[in-house]
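Here the protein sequences come in this chain order: A and B. Position 76 of the first sequence, counted from 1, bears residue number 75 in numbering that gives the first Met the number 0, the numbering being contiguous throughout. Position 741 of the second sequence, counted from 1, bears residue number 740 in numbering that gives the first Met the number 0, the numbering being contiguous throughout. Okay, so here's the structure we're looking at.
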Amino acid sequence: MEAMLAVAIGLLFGCGVYLMLRARTLPVILGLALISYAVNLFLFASGRLVINAPPIIHADIKHYTDPIPQALVLTAIVIGFGMTAYILTLALRGLSESGDDHIDMVEKAESTSSTQVKKRH
Amino acid sequence: MTESAYLPILLPLTLFTAFFGLALPLIVERFGRKATAITAGAVMATCLVLLVPLFSFAMSGQPVIAHYDWMPSFGLNLSFRLDGLGMLFSILILGIGMLVVLYAHYYLPDNDKLGRFYAQLLLFMAAMLGIVLSENLLMMVVFWEVTSLSSFLLIAYKSASHESRIAARMALVVTGAGGLALLAGILLLGKVAGSYELTQVIEAAAQIKSDPLYPAILILVLLGAFTKSAQFPFHFWLPNAMVAPTPVSAYLHSATMVKAGVFLLARFYPVLSGTDLWLFSVSVIGGVTLVYGAYVAMYRNDFKGLLAYSTISHLGLITLLFGLSTPMSVVAAVFHTINHAIFKASLFMAAGIIDHECGTRDMRRVNGLFKLMPITATLAMLAAGSMAGVPLLNGFLSKEMFFTESIVFDGFGGSHWILPIFATIAGVLAVAYSARFIHDVFFNGEPVDLPRQPHEPSRWMRVPVEILVVLCLLVGIFPAWSVGALLASAAGASLQSSLPIYDLKIWHGFNLALLMSLIALVGGVGLYMMRSTLVHWNNQLPTLSSRMLFERAHQHLVINAEKVMSVIDNRSLQRYIAVFLVFVLIYGSWAYVSGGSRVSGVSHMRLDIASIIALSALALGALGATFMHHRRLLSIILISVVGLVVALVFLRFSAPDLALTQLSVEVVTTVLMLLALHYLPQSTPKESISLRVMRDVLLAVGVGLAMAFVSFALLTSSFSTISDFYLQQSVPEGGGHNVVNVILVDFRGFDTLGEISVLAMAALGAHALLDQLRMVQPARDSAGRLWADDVHPLFLKMLMRPLLPLALAVAVYIFLRGHHLPGGGFVAGLVTGVALILQSLAGGFSFAEDRLPRSYAPALGLGLAFAAGVGLLSWLFARPFLTSTHGHIAIPLLGDIELASVMIFDLGVYLVVVATVLLILTELGRLNVRGERG
Numbered sequence: 000m001e002a003m004l005a006v007a008i009g010l011l012f013g014c015g016v017y018l019m020l021r022a023r024t025l026p027v028i029l030g031l032a033l034i035s036y037a038v039n040l041f042l043f044a045s046g047r048l049v050i051n052a053p054p055i056i057h058a059d060i061k062h063y064t065d066p067i068p069q070a071l072v073l074t075a076i077v078i079g080f081g082m083t084a085y086i087l088t089l090a091l092r093g094l095s096e097s098g099d100d101h102i103d104m105v106e107k108a109e110s111t112s113s114t115q116v117k118k119r120h
Numbered sequence: 000m001t002e003s004a005y006l007p008i009l010l011p012l013t014l015f016t017a018f019f020g021l022a023l024p025l026i027v028e029r030f031g032r033k034a035t036a037i038t039a040g041a042v043m044a045t046c047l048v049l050l051v052p053l054f055s056f057a058m059s060g061q062p063v064i065a066h067y068d069w070m071p072s073f074g075l076n077l078s079f080r081l082d083g084l085g086m087l088f089s090i091l092i093l094g095i096g097m098l099v100v101l102y103a104h105y106y107l108p109d110n111d112k113l114g115r116f117y118a119q120l121l122l123f124m125a126a127m128l129g130i131v132l133s134e135n136l137l138m139m140v141v142f143w144e145v146t147s148l149s150s151f152l153l154i155a156y157k158s159a160s161h162e163s164r165i166a167a168r169m170a171l172v173v174t175g176a177g178g179l180a181l182l183a184g185i186l187l188l189g190k191v192a193g194s195y196e197l198t199q200v201i202e203a204a205a206q207i208k209s210d211p212l213y214p215a216i217l218i219l220v221l222l223g224a225f226t227k228s229a230q231f232p233f234h235f236w237l238p239n240a241m242v243a244p245t246p247v248s249a250y251l252h253s254a255t256m257v258k259a260g261v262f263l264l265a266r267f268y269p270v271l272s273g274t275d276l277w278l279f280s281v282s283v284i285g286g287v288t289l290v291y292g293a294y295v296a297m298y299r300n301d302f303k304g305l306l307a308y309s310t311i312s313h314l315g316l317i318t319l320l321f322g323l324s325t326p327m328s329v330v331a332a333v334f335h336t337i338n339h340a341i342f343k344a345s346l347f348m349a350a351g352i353i354d355h356e357c358g359t360r361d362m363r364r365v366n367g368l369f370k371l372m373p374i375t376a377t378l379a380m381l382a383a384g385s386m387a388g389v390p391l392l393n394g395f396l397s398k399e400m401f402f403t404e405s406i407v408f409d410g411f412g413g414s415h416w417i418l419p420i421f422a423t424i425a426g427v428l429a430v431a432y433s434a435r436f437i438h439d440v441f442f443n444g445e446p447v448d449l450p451r452q453p454h455e456p457s458r459w460m461r462v463p464v465e466i467l468v469v470l471c472l473l474v475g476i477f478p479a480w481s482v483g484a485l486l487a488s489a490a491g492a493s494l495q496s497s498l499p500i501y502d503l504k505i506w507h508g509f510n511l512a513l514l515m516s517l518i519a520l521v522g523g524v525g526l527y528m529m530r531s532t533l534v535h536w537n538n539q540l541p542t543l544s545s546r547m548l549f550e551r552a553h554q555h556l557v558i559n560a561e562k563v564m565s566v567i568d569n570r571s572l573q574r575y576i577a578v579f580l581v582f583v584l585i586y587g588s589w590a591y592v593s594g595g596s597r598v599s600g601v602s603h604m605r606l607d608i609a610s611i612i613a614l615s616a617l618a619l620g621a622l623g624a625t626f627m628h629h630r631r632l633l634s635i636i637l638i639s640v641v642g643l644v645v646a647l648v649f650l651r652f653s654a655p656d657l658a659l660t661q662l663s664v665e666v667v668t669t670v671l672m673l674l675a676l677h678y679l680p681q682s683t684p685k686e687s688i689s690l691r692v693m694r695d696v697l698l699a700v701g702v703g704l705a706m707a708f709v710s711f712a713l714l715t716s717s718f719s720t721i722s723d724f725y726l727q728q729s730v731p732e733g734g735g736h737n738v739v740n741v742i743l744v745d746f747r748g749f750d751t752l753g754e755i756s757v758l759a760m761a762a763l764g765a766h767a768l769l770d771q772l773r774m775v776q777p778a779r780d781s782a783g784r785l786w787a788d789d790v791h792p793l794f795l796k797m798l799m800r801p802l803l804p805l806a807l808a809v810a811v812y813i814f815l816r817g818h819h820l821p822g823g824g825f826v827a828g829l830v831t832g833v834a835l836i837l838q839s840l841a842g843g844f845s846f847a848e849d850r851l852p853r854s855y856a857p858a859l860g861l862g863l864a865f866a867a868g869v870g871l872l873s874w875l876f877a878r879p880f881l882t883s884t885h886g887h888i889a890i891p892l893l894g895d896i897e898l899a900s901v902m903i904f905d906l907g908v909y910l911v912v913v914a915t916v917l918l919i920l921t922e923l924g925r926l927n928v929r930g931e932r933g
């Protein structure tokens, strides 16, 4: 099982890195999302894999899994959401500024994008 | 004396007043120029008043020291010192400062607002006071750098002018670099002396001088002093700095800042002097600067430039005197520091008046002004006489001391005739350039084609000059009465030993020094008479401009830097990320190999069918999204599949809280991405060349393999945890059974406070980005199909309305039970967000917008206030920040609820999460509405 989770983490990283290296905003954002999953799983894995032992104190249970990685990952998930939301708006703004969704924001004379964009003056 | 125990506090109080006072001119600016000037002057006057009670101690030779520990382990303390030297410089800084404030009010153009100027001037004044009042040498270096910065700002006063900016940058580079050398020197000094407190450093003088690091320390400290005091070959920034307004030139670049280097020599005289290295390096540099500055000054056609080179020359004279390192030469150096500050400040101000009245500073055009402005001319001529060393003026006295010292000095072995000859030559040159200034500007025929018709300036503009010239005469005629005590205590503080016996008076009888003065006067006037021959001869000399050298070096640096940059930086983010990843792989592998850890490879758990299916789904999602990322809608959906599998992984391996959070985040994120996709291009063009794809695949595989390997190593390595504490203390200390939640809101509450702050910032950032944005929605999709009209199916709409209270009830339930069972503020916030967003999706954003608050920023603030407020509350009970308390409350239906103070904290978390989700999603929705309308 450990090997399988390791493969999953590696796969997510690999796909995430490939997408992160693309030239357009949305694939990069998706790549970052995949890397976020991978990082969260990796952090979570540092508490090792334990079944049926959630860290919820009960008088009858003596064994619990490690709660610290879980606490870390929980906030990481929420912050990851904040980050995704932010870079999505950044991508929209970039599209509006350069008329294109290329990550380098190279200004082009004529917009090739199918979306018409106007800036409020 | 019990009173005197409180007196040292006046030192930090003075600096506090100075640094906080610099904001006042900016505030007062709106009440007009006069009020601004009065405020700036008042700040300086207050500083002076605060220091005056300490002067009697400094006069009697006992320094006043105020010491407050700051970071004692680093040797950095808030410690201040007022001794004779500090007193002398404080009086110069504040006294001349007040005159400059008055002068600047009349000098600067009427339509300039003066708030910023006076604030910068006060910043300089405060930093300069900091230098001369510091006991801690690290603090002194910080103040030293602040003077360089404020000088930069003030030189660039006319920031629209290219020349001003270049000059300001040059001054900053030279003096700033010197400041860094000084910092290095001080660090070494502190290391050798074992302390950064001046008193201890002075006590360790013998030890420092015998240390092998002494030459390095001396050279570094001298670099600081020489760059600041414009010593050859670092002098070139000073003439260029003359583009600054004249009040700045008078204050910074003649009277005070350039004297900081001299101050440094005086300060470290007891620590570093007395060696051959000091003697030769300081006196030779000083001597060369003395003659070079005077020689160049003679040929300047711009009278402000003449004064600048004269300043360089006089600073060289003072440096030379410190270099000679006899007690009497130090007295002469300190005396000349006072005299030069007085006569040169008045000369600069007079020059500023002339510039102001004539509109030019070219001495080939500015002639015969004596008839037009006799009072100013008289004042300027008196000050220039002092500069030349004419008897009855203060400059004569210290120059006479210098001549005497040059005769009696015997430190250069057998050739003791060199110094007097050298001194006389310098004297001749000084008289020559002073004569040129007086004769060219005030006599020598009629003005030539002046831009303005000169006449006497307004009454108050001349007052500062008058005061300073009266001082020149006072000191020149009654030296012992006027500055005797001040000089004695300042020189004593510099020497740190008993003063030599000397007699401050005008007439010392017929002696060699007087003869030298006479030769200088006669020779100087003679030299000026034959100026046409001299100019002709000088023009044949090769021009070696250190300014040109500096500019050339600067150009070279920029061009080469650009060459390097064009190789490593092609402005492609893709390239940056790729390079970054390559290094991650290299360093990661290297760390792993050299770390020597071994993978045990022991699996603890068997595979099962469910897990294999889950992995397949995950692989399908991730690979599918990657391979089909050109089809954007599809890839977003596939990514959300990955998110769902991740949630399942959390659920399976005993992390129900994570599973809940991941699930709700997944919903919100997917909605968000779909909304954004609405405005973005629907597909990605295929534009990557195959070589780049190859590179990216290689990198992706490399990183993926590495991370899989590291994960496997981590998962199978032996395990120890620090979590036992949390597991044991969760119920008794935190009052909650859900350990993850207790960690979040209680044990590590401060971290969580930080994290929700980040979340709030992301939301506000997104708000700022979207606020000005207006996007028009296309009528057709990428395939050319019209978007459907019935955007909000009735069925969904009707179904969603009753669901809202239900969803909110679930959120409340999840929130309340969070401390004991999976749930809590984060999850409840997300669920609430999703519930409200569903209404928008079903009913349309305009439907939701009418019913939801328009602005979520207050809710963000409220949430943060709850979380931080409950933390602050614990201070009321004298507990540390975020200490929790808890108790039981029985609520009907829900049963026994253990209510902890962290509940309020969690409520803050909840509010921030809800506000963030709604803010971003509704802002995106509003773009849509605008588009429809537009």
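All C-beta atoms in this analysis are idealised placements derived from N, C-alpha and C, irrespective of residue type, glycine included.
Using a C-beta to C-beta distance shorter than 8 angstroms, which residues of chain A count as neighbours of residue i?
{"i": "L197 (chain B)", "result": "Simply none; closest approach about 49 angstroms."}
{"i": "H736 (chain B)", "result": "I55, I56 and H57"}
Is residue i helix, strand or coil by DSSP?
{"i": "M400 (chain B)", "result": "helix"}
{"i": "S710 (chain B)", "result": "helix"}
{"i": "S722 (chain B)", "result": "coil"}
{"i": "V389 (chain B)", "result": "coil"}
{"i": "N538 (chain B)", "result": "helix"}
{"i": "E28 (chain B)", "result": "helix"}
{"i": "I585 (chain B)", "result": "helix"}
{"i": "I505 (chain B)", "result": "coil"}
{"i": "L851 (chain B)", "result": "coil"}
{"i": "I102 (chain A)", "result": "coil"}
{"i": "T1 (chain B)", "result": "In this predicted model, T1 (chain B) has a pLDDT of only 46, less than 50, meaning its place in the structure is not dependable enough to derive any value."}
Please check the pair residue i and residue j, which I expect to be a contact at CB under 8 angstroms, by giving their CB distance rounded to whole angstroms.
{"i": "L237 (chain B)", "j": "L187 (chain B)", "result": "Their Cβ separation, rounded to whole angstroms, is 28 angstroms, which puts L237 (chain B) and L187 (chain B) out of contact at 8 angstroms."}
{"i": "S934 (chain B)", "j": "Y105 (chain B)", "result": "With chain B running from 0 to 933 in the structure shown, residue 934 (chain B) is simply not present."}
{"i": "E404 (chain B)", "j": "L320 (chain B)", "result": "7 angstroms"}
{"i": "M95 (chain A)", "j": "M774 (chain B)", "result": "Met is not the amino acid found at residue 95 (chain A); the sequence shown has Ser there. S95 (chain A) to M774 (chain B), Cβ: 7 angstroms. Contact."}
Please report the residue range of the beta strand (DSSP E) in which residue i lies.
{"i": "F79 (chain B)", "result": "L75 to L81"}
{"i": "R23 (chain A)", "result": "No beta strand (DSSP E) holds R23 (chain A); DSSP gives it neither H nor E."}
{"i": "R773 (chain B)", "result": "L772 to M774"}
Output, in chain order, the set of chain B residues within a Cβ distance shorter than 8 angstroms of residue i.
{"i": "I50 (chain A)", "result": "M604, R651, F652 and S653"}
Between which two residues does the alpha helix (DSSP H) harbouring residue i extend?
{"i": "Y67 (chain B)", "result": "Per DSSP, Y67 (chain B) belongs to no alpha helix (DSSP H); it is in the beta strand (DSSP E), V63 to M70."}
{"i": "I740 (chain B)", "result": "Here residue 740 (chain B) turns out to be Asn, not Ile, going by the sequence shown. That run of the alpha helix (DSSP H) goes V738 to V741."}
Residues of chain B with a CB under 9 angstroms from the CB of residue i: which are they?
{"i": "L4 (chain A)", "result": "S610, L614, V648, F652, S710, F711 and L714"}
Just to make sure I have the definition right: I need the residues of chain A whose C-beta is within less than 7 angstroms of the C-beta of residue i. Which are they?
{"i": "V700 (chain B)", "result": "G13"}
Subject >> the region 6 to 22 of chain A: positions lying closer than 9 angstroms to chain B by Cβ >> reply: Cβ contacts with chain B come from V6, A7, I8, G9, L10, L11, F12, G13, C14, G15, V16, Y17, L18, M19, L20, R21 and A22.
Original post:
Taking Cβ-Cβ distances below 8 angstroms as the criterion, which residues of the region 626 to 660 of chain B are in contact with chain A?
Top reply: Within the region 626 to 660 of chain B, the qualifying residues are H628, R631, S634, I635, I638, V641, G642, V645, V648, F649, R651, F652, S653, A654, P655, D656, L657 and T660.
Subject >> Proximal residues, the region 723 to 748 of chain B versus chain A, C-beta separation under 7 angstroms >> reply: Listed by position along the chain: Y725, L726, S729, V730, H736, N737, V738, V739, I742, L743 and R747.
**OP:** Determine which residues of the region 537 to 568 of chain B have a Cβ less than 9 angstroms from any Cβ of chain A, and write them out in chain order.
**Re:** Against chain A - using a Cβ distance shorter than 9 angstroms - the region 537 to 568 of chain B contributes no residues.
**OP:** Return the residues of the region 33 to 50 of chain A that lie within a Cβ-Cβ distance of less than 8 angstroms from chain B, sorted by chain order.
**Re:** Only L33, Y36, A37, N39, L40, F41, F43, A44, S45, G46, R47, L48, V49 and I50 from the region 33 to 50 of chain A bring a Cβ to less than 8 angstroms from some Cβ of chain B.
**OP:** Report the residues of the region 84 to 106 of chain A with a CB closer than 8 angstroms to any CB of chain B, ordered along the chain.
**Re:** Cβ contacts with chain B come from A84, Y85, L87, T88, L89, A90, L91, R92, L94, S95, D100, I102 and D103.
Subject >> Interface residues of the region 27 to 53 of chain B facing chain A [CB-CB below 8 angstroms] >> reply: Against chain A - using a Cβ distance shorter than 8 angstroms - the region 27 to 53 of chain B contributes no residues.
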